[in-house]
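One structure below.
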Amino acid sequence: MNPSAQLIGLRQGDRSIEDYVLDFIELAPLTCFDELCLMTFFRGGLSEPLSSIMPIHEPNGTLEQYIELALLLSGSPFTVGVAEERDSSSGCVMAAAPDDTHKMAAATMSHVSADRPESRYVSADRP
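As structure tokens, then:
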């Protein structure tokens, strides 16, 4: 299945908001959707009651801010950070959090990928 179709059909279901966010930010950069579309798809995949209390979209905000709001409203200790660009022959990777805060990487849609086995690139430890 192509990444665009996967992203459109992605749902939180009974999973944690953190798991949903991780899946979403892995798929989003593989699509050609703009941030407004991505915000709409993100909200559409959230479970109740969170999907009802999220604003429909934030036209002046970023996808990162929109996901941050969902994490905040759900009471999650996680945050979303912007990935740094890296010179890598295997493509861009998700940046690790430099401190003890719980961060999940997100980036401009053309500069992120998710290599879960590479623990040095992603830090999403739960408290």
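Numbering-wise, the sequence shown is residues 6 to 132 according to the working numbering.
Beta carbons are placed, not taken as given, at the ideal position from N, Cα and C, and that holds for glycine.
From a predicted model like this one, the values you see are computed outputs, not experimental measurements.
Subject >> residue 48 - containing alpha helix (DSSP H), residue span >> reply: As a first step, residue 48 is located in the sequence shown; it is residue number 43 there, counting from the start. Residue 48 -> alpha helix (DSSP H) spans 40-50.
**OP:** Run the CB neighbour count on residue 77, radius 10 Å, all protein chains shown included, and call it buried at 16 or more, exposed below.
**Re:** Taking the first residue of the sequence shown as position 1, residue 77 is located at position 72. That one is exposed.
Subject >> Of the listed residues 36, 30, 10 and 7, nearest to residue 70 (C-alpha basis) >> reply: The sequence position of residue 70 within the sequence shown is 65, counting from 1. Considering only alpha carbons, the answer is 30.
Original post:
Around the C-beta of residue 22, are 16 or more other C-beta atoms found within 10 angstroms, so that it is buried, or is it exposed?
Top reply: The sequence position of residue 22 within the sequence shown is 17, counting from 1. Residue 22 is buried by the Cβ-count criterion.
Original post:
When burial is assigned at 16 or more other CB atoms within 10 Å of the CB, is residue 57 buried or exposed?
Top reply: What you label residue 57 is simply residue 52 of the sequence shown in a count that begins at 1. With fewer than 16 other Cβ atoms within 10 Å, it is exposed.
**OP:** Could you tell me the distance, in whole angstroms, from the CA atom of residue 17 to the CA atom of residue 38?
**Re:** On the sequence shown, position 12 is the one that residue 17 refers to. On the sequence shown, position 33 is the one that residue 38 refers to. Rounded to whole angstroms, residue 17 to residue 38 spans 20 Å at the Cα level.
Subject >> Run of the alpha helix (DSSP H) containing residue 70, from where it starts to where it stops >> reply: Taking the first residue of the sequence shown as position 1, residue 70 is located at position 65. Following the DSSP letters along the chain, one finds residue 70 inside the alpha helix (DSSP H) bounded by residues 68-78.
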